[in-house]
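Enquirer: Before anything else, here's the structure in question.
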Amino acid sequence: MNKPKMTTEKGVPSNSRVVMLLGQLERMNGEAVPGDAEMARHVTGKILHLIQTQEKTKKEMTAKGSSGMEVILAALENMQDLQTVLNILCILNELVSVGGGNRVGVLVSKGGTAILLQLLLSASKDVPPSEELMLQLHSILAKVGPKDKKFGVKARVNGALNITVNLLKQNLQNQKLLLPCLQVLRVYSSNTVNAVSLGKNGVVELLFKIIGPYSKKNTSIQKVVLDTLTVLLKSKANSRRAVDRTYVPALLTIYQDWHRNDTRHRHAHIRKGILGCIRNVTNIKLGRKAFLDADGMRILYSTSTECLPVRTLDPLVNTSSLIMRKCFPKNRLPVPTIKSVFQYRLPHVPAEGPVAQLYRQPPEVDDVVDESDDNDDADTENDTENEEDDRDCCLQNDDIETDLNKLRPGEQASRTMEELRMYERFFSELSEDFQGYHFHGSSPCQTPSLPSKSLSRIVVPTAPDMTPSDSNLVQLECADRALDQRPGEGLEQALVRELGRVALDGGAAPNGQRPAAESEVEREDDCSSHSSGDQAVLEVPDTAALLPLHDPELYVEMVKDTRSVPQYSEVAYPDYFGHIAPTYREHIVERLYGVQRSKIFQDIERMIHPNDILDKVVYDLDLQSCPVVDDGECLKFNSLFESGNLRKAVQVRKFEYDLILNSDINSNHYHQWFYFEVSSMRAGTPYRFNIINCEKSNSQFNYGMQVLMYSVREAINGRPCWVRTGTDICYYKNHFSRSSIAAGGQKGKSYYTMTFTVTFQHKDDVCYFAYHYPYTYSTLKMHLQKLEALRTPQIYLRQDVLCETLGGNSCPLLTITAMPQSTSNDQICQFRNRPYVFLTARVHPGETNASWVMKGTLEFLMGTGPVAQSLREAYIFKIVPMLNPDGVVNGNHRCSLSGEDLNRQWQRPNPDLHPTIFHAKGLLQYLSALQRVPLVYCDYHGHSRKKNVFMYGCSIKETVWQTDVNATSSDLHEDLGYRTLPKILSQIAPAFSMASCSFVVEKSKESTARVVVWREIGVQKSYTMESTLCGCDQGKYKGLQIGTRELEEMGAQFCVALLRLKRLSSPLELRHASHFLEAEGDLIETSCRNTRAGAGCCTPTWALRGRRSADFSRGTPRPPSSQSSTTYVLKEDEPSFMEEVDYSAESDEETDPQENPGDEEHLSDSEAVQQHPFT
347 MNKPKMTTEK
357 GVPSNSRVVM
367 LLGQLERMNG
377 EAVPGDAEMA
387 RHVTGKILHL
397 IQTQEKTKKE
407 MTAKGSSGME
417 VILAALENMQ
427 DLQTVLNILC
437 ILNELVSVGG
447 GNRVGVLVSK
457 GGTAILLQLL
467 LSASKDVPPS
477 EELMLQLHSI
487 LAKVGPKDKK
497 FGVKARVNGA
507 LNITVNLLKQ
517 NLQNQKLLLP
527 CLQVLRVYSS
537 NTVNAVSLGK
547 NGVVELLFKI
557 IGPYSKKNTS
567 IQKVVLDTLT
577 VLLKSKANSR
587 RAVDRTYVPA
597 LLTIYQDWHR
607 NDTRHRHAHI
617 RKGILGCIRN
627 VTNIKLGRKA
637 FLDADGMRIL
647 YSTSTECLPV
657 RTLDPLVNTS
667 SLIMRKCFPK
677 NRLPVPTIKS
687 VFQYRLPHVP
697 AEGPVAQLYR
707 QPPEVDDVVD
717 ESDDNDDADT
727 ENDTENEEDD
737 RDCCLQNDDI
747 ETDLNKLRPG
757 EQASRTMEEL
767 RMYERFFSEL
777 SEDFQGYHFH
787 GSSPCQTPSL
797 PSKSLSRIVV
807 PTAPDMTPSD
817 SNLVQLECAD
827 RALDQRPGEG
837 LEQALVRELG
847 RVALDGGAAP
857 NGQRPAAESE
867 VEREDDCSSH
877 SSGDQAVLEV
887 PDTAALLPLH
897 DPELYVEMVK
907 DTRSVPQYSE
917 VAYPDYFGHI
927 APTYREHIVE
937 RLYGVQRSKI
947 FQDIERMIHP
957 NDILDKVVYD
967 LDLQSCPVVD
977 DGECLKFNSL
987 FESGNLRKAV
997 QVRKFEYDLI
1007 LNSDINSNHY
1017 HQWFYFEVSS
1027 MRAGTPYRFN
1037 IINCEKSNSQ
1047 FNYGMQVLMY
1057 SVREAINGRP
1067 CWVRTGTDIC
1077 YYKNHFSRSS
1087 IAAGGQKGKS
1097 YYTMTFTVTF
1107 QHKDDVCYFA
1117 YHYPYTYSTL
1127 KMHLQKLEAL
1137 RTPQIYLRQD
1147 VLCETLGGNS
1157 CPLLTITAMP
1167 QSTSNDQICQ
1177 FRNRPYVFLT
1187 ARVHPGETNA
1197 SWVMKGTLEF
1207 LMGTGPVAQS
1217 LREAYIFKIV
1227 PMLNPDGVVN
1237 GNHRCSLSGE
1247 DLNRQWQRPN
1257 PDLHPTIFHA
1267 KGLLQYLSAL
1277 QRVPLVYCDY
1287 HGHSRKKNVF
1297 MYGCSIKETV
1307 WQTDVNATSS
1317 DLHEDLGYRT
1327 LPKILSQIAP
1337 AFSMASCSFV
1347 VEKSKESTAR
1357 VVVWREIGVQ
1367 KSYTMESTLC
1377 GCDQGKYKGL
1387 QIGTRELEEM
1397 GAQFCVALLR
1407 LKRLSSPLEL
1417 RHASHFLEAE
1427 GDLIETSCRN
1437 TRAGAGCCTP
1447 TWALRGRRSA
1457 DFSRGTPRPP
1467 SSQSSTTYVL
1477 KEDEPSFMEE
1487 VDYSAESDEE
1497 TDPQENPGDE
1507 EHLSDSEAVQ
1517 QHPFT
């Protein structure tokens, strides 16, 4: 062989002793002279002595440029003398000892692994083999193996596996040799093929002979055996072998013994090793069954409970929790079908897709149990905490569009002009000549409104009272009113008794209650008979003064014209009475350590102590005749009102309830949006609510978001507002699952639990809970009518009905711009030639924040100040404020009545199944045919997994940059103007984050509004604007949950950004440029300040009227939060949290992205009021 020549690194003295010795050893390599053996022993002995006594010698031998390692390996390969070989092995052992990680890499890179394995093979042929030689070889291999990626393959090819196994069998009592052999075996087993081979060779049985009960002796060997066994049991075949030999009960017995005797917790690593073996065995169905048969749930539950007080034992508790959750028998949801309770027959069924699949399924296979559901091997599932997000991360490059032809915007095959002419009537502004119009009138044009009444009958349904006969129609006045109180009855009971559920149409009330007319007569009798008695006076706030755009009477009238599949006859109190944003900060909450674990353990208790579970159904929409159970011992629920979603409530403990959400109509999934009513509660008692059929694998509820609650009692007391509430909030995978049929072929598709605890302030209050701030279709209709009343002669406002939905509701279309100053040709021409801005919102019903942002935009556009006027003079706005009225009305989360996501239908919308999308796209196609392509298109959305407000846009360059596609500079040529609007927003809107924006075009989003409008209509500035459901982690609102005030502010700031965009492109066209510059600074700086308390809190602080308030200080726009280039963003970027959050019962991960509570400022109550940025 070629002899390596000894070289030294620059700086290493050439007369170094080790260098000279290595030089001698190099000369002896290959010289087979009989007298060389003694010299070789002497030289290698000297080198070993230097290495053992001088650390610098190790560095010299493995320094960069040194060939010392090559000389040593060559000598090992050539020398035949046993003592010399042992000396060399000792040298290598010293080099790769503790702190020698880099030196191990050098050894591997020089081919040391193959030389060592070949030596092992040669040594095994000696009879008997040298024990010292085997000891040294295995010691080195145990350290080298983990650093060599091909170690397992090399060992198998060289036959090393059987050598080590045979050596192990022959030396079970030889503690000195046993440890290194086990360590090497552990490394072998990390290779899947090796693990199966070793299992067939009886290694699993061999290792179980070594494992024993508690003992203070040989704990290091026990730990290595358990680690090796853990690796081996990752193989399904080995796990089955362990189950067949009844090793699962044995492992549980051994674990109990160690737990019982290791009272000082000095051997927690042994206990963790045993749990590791159990965890891998239970990855298979047989293993889970064996675990349950051996009473494993009770054993691990009891041992884990005892470990809870000791923080250092958390790894044991977490692993035990993981095993128990995995072995918890999978159950179907306690509902007759996972399809929606409400049925709507489609005019025709799509040819393909999930709806077609749903309709083809026979009723009996809706959610049946089939053998494929219980995976034979649980590790075939995604083992990460956030499986969908991680899958997105792995596949994100696969999802990016790489076809340059599809990335080039261009008009696709469209409808003919004759077909599009039907949309001409929606563009009368293009032909209006304004003849006969008076341009300088002083009175605004208003639509007639309902006359106000001092005493009005108001329909406010709440939970049914204690006895149905006590139901009465409530009459609230806009001033003081008297509330009838019965003897011995508190004010809260009287309130609930009076607020009975009634029918909107005056007919028979649902659920057996008396008709409204009868209640009215009885109410009048009651009022007269008690007029002289004791009365409790309630102050009911004047909502008209607090909420200018809210009118309870008008809202009820709007509800009467709203069509729903369940034919709702009730109004939820928050929608009737309105919402005033609170004047205090609502911080993103910091989750206490161990909350999720304690909730999981409470769930496990249900299986261990089933007799403690009530399992009483208290609300069930599947029982249409009587959905409410009222025995006076439980909460009462209701969701039979617009946008309501709660299907079933089950009382599992005295103060704990499992809640099941209804699927979207014509679907068997999409469970996220909830909105329901609760009553008959006790004050000061914590109630736990578990929504058990959530579907997303992660949620902002794990990162500080709270649910929303509206108290009727608080509203009556003058605080009508939704507030963030709930403690012990967490989100985790549970033991409920869908069948593979219902899950569309996906095996083991589990549901998730969102749990929260609430302590009510008032006894027998009526409270509402919602996923986010509700905004119903009837609310939109009411707001549009109230906005009509704000119109002045300077505002061009037209409301049209774009189309009717499947459910028979109208889809409103708004046109807003500024009136021309006169009928002169120049003015009319300027009016008609204004660029279009096309806005849409609420295509997903559960994203209610999009409607609140749209509300802010509409109110700003109807403002009377110079900024709003300049904006109207700059653009013509076409706005569809709610693309999915049917979904909103019926409490869907994502779909319309067709059971499809409307934001995936823009490529080929069906006029019968997707009328709002078909006609909204038709409007855009009509503008394109007129060569009037909108300057900006934006679709307002909400985002459930990310914080802040941000945008998705479309860019060829940024898409190609994320792929390996080769493209010429001409292919990537595009105007960077698509970034301008988001950048402006990042400068003026404190909630907006430029760093979260993405301009990549994904294949999975090719049929969304953003991409289709960009690609087919040719709108370069085509966006989706996403608003968080949680809060912000940057800027002015960092650490705060988002509210309606911030969402409306965002809508207004979007308008300001459009005006700045106009100023940047055509500054001379703005008539009020100076006013704009002056007012804009105030707008940005004071957008979140509240100038006065009380009634002032309802006035949008961003709705400036062109004058500068003395309370406002001037300032300059904030700099953008981030100027970094945007990359493809799909994953959650949450910093680490102190607690493991395990979403998957099969997860091996020990960390979880969580919110960092350290960044959140802590203020006292008084400081919070003084420094509140929302006020």
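Residues 347 to 1521, numbered by our numbering, are exactly what the sequence shown covers, in order.
Note that beta-carbon positions come from the ideal geometry of N, C-alpha and C, so glycine has one too.
Would you say residue 1260 faces chain D, with C-beta separation under 8 Å as the test?
Expert: The structure shown has no chain D; it contains just one protein chain.
Enquirer: Between which two residues does the beta strand (DSSP E) carrying residue 661 extend?
Expert: Note, residue 661: premise wrong, no beta strand (DSSP E); alpha helix (DSSP H) at 660-673.
Enquirer: Checking 8 Å against the spacing of the C-beta atoms, do residue 991 and residue 1007 come in under that value?
Expert: Going by C-beta atoms, residue 991 is nearer than 8 Å to residue 1007.
Enquirer: Would you say residue 612 and residue 604 are within 8 Å of each other, going by their C-beta atoms?
Expert: Not in contact: residue 612 and residue 604 (Cβ atoms no closer than 8 Å).
Enquirer: Which residues bound the alpha helix (DSSP H) around residue 920?
Expert: Where residue 920 is concerned, the enclosing alpha helix (DSSP H) stretches over 919-923.
Enquirer: Got a sec, what are the start and stop residues for the alpha helix (DSSP H) residue 366 sits in?
Expert: Looking at the DSSP string, the run of the alpha helix (DSSP H) that includes residue 366 is 363-374.
Enquirer: Determine the burial state of residue 1029: buried for a count of at least 16 other Cβ atoms within 10 Å of its Cβ, exposed for fewer.
Expert: Looking at its Cβ environment, which holds fewer than 16 other Cβ atoms inside 10 Å, residue 1029 is exposed.
Enquirer: Distance check for residue 486 and residue 577, CA to CA, integer angstroms please.
Expert: Answer to the nearest angstrom: the Cα atoms are 20 Å apart.
Enquirer: Compute the distance between the beta-carbons of residue 511 and residue 547, then report whether it is under 8 Å.
Expert: Yes, they are a contact pair.
Enquirer: For residue 1185, which three-state DSSP category applies?
Expert: In the structure shown, residue 1185 sits in a strand (DSSP, three-state: E or B).
Enquirer: In angstroms, rounded to a whole number, what distance separates the CA positions of residue 1167 and residue 1284?
Expert: Each residue's alpha carbon lies about 29 Å from the other.
Enquirer: Would you call the segment 1324-1337 and the segment 1396-1416 in contact, with 3 or more CB pairs under 8 Å?
Expert: Flag = yes, the segment 1324-1337 and the segment 1396-1416 touch.
Enquirer: Would you kindly work out how many angstroms separate the C-alpha atoms of residue 466 and residue 418, rounded to a whole number?
Expert: Those two C-alpha atoms are separated by around 17 Å.
Enquirer: Counting C-beta neighbours from all protein chains within 10 Å, is the total for residue 1412 16 or more, i.e. buried, or is it exposed?
Expert: Counting Cβ neighbours within 10 Å, residue 1412 comes out exposed, since fewer than 16 surround it.
Enquirer: Please classify residue 365 as buried or exposed, where buried requires at least 16 neighbouring CB atoms within 10 angstroms.
Expert: So residue 365 counts as buried.
Enquirer: Taking the alpha-carbon positions, what's the residue 1393 to residue 1384 distance?
Expert: Their backbone Cα atoms lie some 15 Å apart in a straight line.
Enquirer: Are residue 1356 and residue 1373 close, meaning C-beta to C-beta below 8 Å?
Expert: Not a contact, by the Cβ cut-off of 8 Å.
Enquirer: Assuming residue 1257 and residue 1157 form a contact by the criterion Cβ under 8 Å, report the distance between their Cβ atoms to the nearest whole angstrom.
Expert: Rounded, the Cβ-Cβ distance is 13 Å, inconsistent with contact.
Enquirer: What's the gap between the Cα of residue 1358 and the Cα of residue 706?
Expert: Whole-angstrom Cα-Cα distance: 30 Å.
Enquirer: Just the C-alpha distance for residue 1037 and residue 1095, rounded to the nearest angstrom, thanks.
Expert: Straight-line Cα distance between these residues: approximately 17 Å.
Enquirer: Are residue 905 and residue 988 touching if we call contact CB-CB under 8 Å?
Expert: Yes, the pair counts as a contact, with Cβ atoms nearer than the cut-off.
Enquirer: Figure out for me which residue from 1381, 1067 and 1141 has the closest Cα to the Cα of residue 1216.
Expert: For residue 1216, the nearest C-alpha among the options comes from 1141.
Enquirer: Which residue from 778, 537 and 640 puts its Cα closest to that of residue 1175?
Expert: Ranking 778, 537 and 640 by Cα distance to residue 1175 puts 778 first.
Enquirer: Which residue marks the beginning of the beta strand (DSSP E) containing residue 684, and which one marks its end?
Expert: First-last for residue 684: undefined, no H or E at that position.
Enquirer: Just verifying my parser: in three-state terms, what is the DSSP assignment at residue 999?
Expert: If DSSP states are grouped into helix, strand and coil, residue 999 belongs with the strands.
Enquirer: Identify which residue in 405, 953 and 993 has its Cα closest to the Cα of residue 965.
Expert: Comparing Cα-Cα distances from residue 965 to each of 405, 953 and 993, the minimum goes to 993.
Enquirer: Just tell me which of 1133, 1153 and 1154 has its CA closest to the CA of residue 1144.
Expert: The shortest C-alpha separation from residue 1144 is found at 1133.
Enquirer: At the level of alpha carbons, what is the spacing between residue 1072 and residue 1046?
Expert: Each residue's alpha carbon lies about 14 Å from the other.
Enquirer: How about residue 594 and residue 627: are their beta carbons less than 8 Å apart?
Expert: Cβ atoms of residue 594 and residue 627: closer than 8 Å.
Enquirer: With three or more C-beta pairs closer than 8 Å as the rule, is the segment 1099-1117 touching the segment 1050-1060?
Expert: Judged by Cβ distances under 8 Å, the segment 1050-1060 makes contact with the segment 1099-1117, as three or more pairs qualify.
Enquirer: In chain order, what residues of the same chain lie with their CB nearer than 8 Å to the CB of residue 614, ignoring the 5 residues before and after it?
Expert: 608, 658, 659, 661 and 662.
Enquirer: Cβ of residue 1034 within 8 Å of Cβ of residue 1103?
Expert: Contact flag set, yes.
Enquirer: When you compare only the Cα positions, how much space is there between residue 453 and residue 462?
Expert: Going from the Cα of residue 453 to the Cα of residue 462 covers about 10 Å.
Enquirer: With C-beta atoms as the reference, is residue 680 less than 8 Å away from residue 996?
Expert: Yes, the pair counts as a contact, with Cβ atoms nearer than the cut-off.
Enquirer: State the Cα-Cα distance for the pair residue 886 and residue 1291, rounded to the nearest angstrom.
Expert: Below a pLDDT of 50, predicted positions are generally treated as unreliable, and residue 886, at 45, falls in that range; no measurement from the model is reported.
Enquirer: Would you give the residue range spanned by the beta strand (DSSP E) that residue 1025 belongs to?
Expert: Counting along the chain, the beta strand (DSSP E) containing residue 1025 begins and ends at 1021-1025.
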